[in-house]
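Encoded as structure tokens, the structure appears first; notes follow it.
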Amino acid sequence: MPSCRTASGTSGATPGAPDGAALHAPVIAWFEENARDLPWRRPEAGPWGVMVSEFMLQQTPVNRVLPVYEQWMARWPRPADLAEEAPGEAVRAWGRLGYPRRALRLHGAAVAITERHGGDVPTQHAQLLALPGIGEYTAAAVASFAYGQRHAVLDTNVRRVLARAVTGTQYPPNATTAAERRLARELLPEDESMASRWAAASMELGALICTAKNESCVRCPIAAQCAWRLAGKPAHEGPPRRGQTYAGTDRQVRGRLLAVLREAVAPVPQAVLDRVWDEPVQRARALDGLVADGLVEPLQGGLYRLPLA
DNA sequence: AAGTCGTGGTT
DNA sequence: TAACCAAGACT
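Here it is as structure tokens:
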């Protein structure tokens with residue numbers, strides 16, 4: 012029963028795939044030359060700035076986040092500043108970033124930080140994970156980016172980089188797998204400072220070079236070692252990525268309803284909300300959903316507004 | 001564990 | 001142009 016371990020010892024890796032040490036130095040060196048100057052990466056952002064940016068960046072491109080982030084941090088420079096606001100103000104300030112429940116959760120996280128952590132963004136992964144709106148990725152990202160800790164930061168960019176460079180496939184699986192987590196942990200540099208830099212650098216590589224479409228291998232610092240490229244860049248096998256048609260969905264109706272309420276300075280009569288969508292059953296379901304989510308507050312007399320509490 | 005949850009730019 | 005994509009979380 013001969014061993015089938017690869018020389019690299021990395022699970023899920025294609026035979027002959029590069030090990031961690033071969034990737035860290037070139038990717039980190041590339042990052043130090045090519046990292047974008049983003050406001051949440053500057054020292055003055057602090058842990059709260061990092062955390063706010065991570066909420067906003069969930070499923071949302073950097074360019075759309077930038078202006079909202081700046082306004083948000085100017086208005087609520089500390090968690091306690093946001094915590095004493097009405098949650099509806101967070102939803103309003105969220106603007107058109109999308110997925111407005113994130114605004115509600117960020118507000119809830121600010122309240123929890125104020126109540127449980129003396130107003131300081133907690134440093135421990137488990138404490139971060141316990142906050143509303145923070146899952147495995149965001150907890151690791153805040154701990155790593157804000158506090159320089161050693162965590163596997165596995166977002167869609169890093170997953171794609173590892174899928175290609177190490178595993179040799181064009182795309183990672185649709186849902187994050189245990190094998191991916193294991194691989195990311197194994198590739199994590201032992202040294203804490205190196206690990207946090209690797210996390211930021213591998214993510215940036217996926218965002219700028221190793222993109223989902225039109226990847227730029229000619230500019231890639233690890234192209235020479237990339238398992239996928241060396242295999243001839245075979246096309247993705249398996250089920251399609253996903254199909255998320257938007258037109259006609261409840262999400263579209265919710266979006267229209269909330270857009271009206273965001274712009275309104277006074278409670279809005281139901282008759283005004285009714286104009287955003289013709290079909291009454293779907294319209295009512297969408298509004299009920301918003302109320303159930305705490306994004307909308309129903310008042311007496313068929314009036315609605317963003318939540319005051 | 002597959003569905004749900006916004007929005008707008010790109011192809 | 002319809003489909004894809006963008007630093008996920010939650011149920």
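Each residue of the first sequence is one higher than the one before, starting from 12 at the first, in the numbering used here. A virtual CB, placed ideally from N, CA and C, is assigned to each residue, including glycine.
For a test of the three-state rule: what should DSSP assign to residue i, helix, strand or coil?
{"i": "L108", "result": "coil"}
{"i": "E126", "result": "helix"}
{"i": "L314", "result": "strand"}
{"i": "P183", "result": "coil"}
{"i": "P88", "result": "coil"}
{"i": "P72", "result": "coil"}
{"i": "E290", "result": "coil"}
{"i": "P309", "result": "strand"}
{"i": "L319", "result": "coil"}
{"i": "A28", "result": "coil"}
{"i": "E248", "result": "coil"}
{"i": "C228", "result": "helix"}
{"i": "E96", "result": "coil"}
{"i": "A303", "result": "helix"}
{"i": "V79", "result": "helix"}
{"i": "D131", "result": "coil"}
{"i": "V164", "result": "coil"}
{"i": "R53", "result": "coil"}
{"i": "A223", "result": "coil"}
{"i": "P58", "result": "helix"}
{"i": "G144", "result": "coil"}
{"i": "D285", "result": "helix"}
Among the candidates the options, whose CA atom is the shortest distance from the CA of residue i?
{"i": "M214", "options": "A151, M84 and A297", "result": "A151"}
{"i": "D299", "options": "L268, A282 and A120", "result": "L268"}
{"i": "A258", "options": "L241, Q281, V283 and W288", "result": "W288"}
{"i": "V283", "options": "L272, V61 and Q293", "result": "L272"}
{"i": "E248", "options": "P184, V264, L216 and L301", "result": "P184"}
{"i": "A32", "options": "A303, P318, G312 and Q236", "result": "Q236"}
{"i": "G144", "options": "L117, T178 and L194", "result": "L117"}
{"i": "W51", "options": "K244, F66 and G119", "result": "F66"}
{"i": "Q311", "options": "P280, D304, P291 and L319", "result": "P280"}
{"i": "P133", "options": "L49, A154, E290 and A85", "result": "A154"}
{"i": "G266", "options": "R113, D92, P72 and R107", "result": "R107"}
{"i": "G159", "options": "R296, A137 and W209", "result": "W209"}
{"i": "A137", "options": "T149, V63 and E126", "result": "T149"}
{"i": "E81", "options": "R53, A223, V276 and A91", "result": "R53"}
{"i": "W87", "options": "G130, A46 and Q70", "result": "G130"}
{"i": "D261", "options": "R296, L68 and L93", "result": "R296"}
{"i": "A190", "options": "R47, V177 and H128", "result": "V177"}
{"i": "E201", "options": "R161, I233 and V229", "result": "R161"}
Could you pull out every residue in the same chain whose Cβ sits closer than 7 Å to the Cβ of residue i, ignoring the five residues on either side in sequence?
{"i": "E100", "result": "none"}
{"i": "C221", "result": "R171, V172, R175 and C231"}
{"i": "G179", "result": "T25, A28, A238, W239 and A242"}
{"i": "Q263", "result": "Y257"}
{"i": "A56", "result": "P50"}
{"i": "T125", "result": "P90, A91 and A94"}
What first and last residue would you give for the alpha helix (DSSP H) that runs through residue i?
{"i": "V215", "result": "The identity of residue 215 in the sequence shown is Glu, whereas the question assumes Val. E203 to L219 is the span of the alpha helix (DSSP H), which, as asked, contains E215."}
{"i": "R240", "result": "A238 to L241"}
{"i": "I39", "result": "G31 to N45"}
{"i": "A189", "result": "A189 to L198"}
{"i": "V172", "result": "T167 to L173"}
{"i": "H136", "result": "H136 to L140"}
{"i": "V153", "result": "E147 to Y158"}
Go through its chain and collect everything with a Cβ distance to residue i's Cβ below 6 Å, but skip five positions before and after it.
{"i": "L163", "result": "This sequence places Ala at residue 163; Leu is not what is there. Contacts found: A195, R196 and L199."}
{"i": "F156", "result": "V61"}
{"i": "A212", "result": "V38, I39 and F42"}
{"i": "P58", "result": "V132 and A157"}
Once the 5 residues before and after residue i are set aside, which same chain residues still bring their CB inside 8 Å of it?
{"i": "G305", "result": "P98, L115 and P318"}
{"i": "G146", "result": "L140"}
{"i": "Q181", "result": "A174, R175, W239, K244, P245, A246 and H247"}
{"i": "M205", "result": "H35 and I39"}
{"i": "N45", "result": "E215 and L219"}
{"i": "Y110", "result": "Q69, Q70 and T71"}
Item to complete: Let me know the alpha helix (DSSP H) ranges lying completely inside the region 257-283, each 4 residues or longer, listed in chain order.
Response: Counting only runs of 4 or more, we get 261-274.
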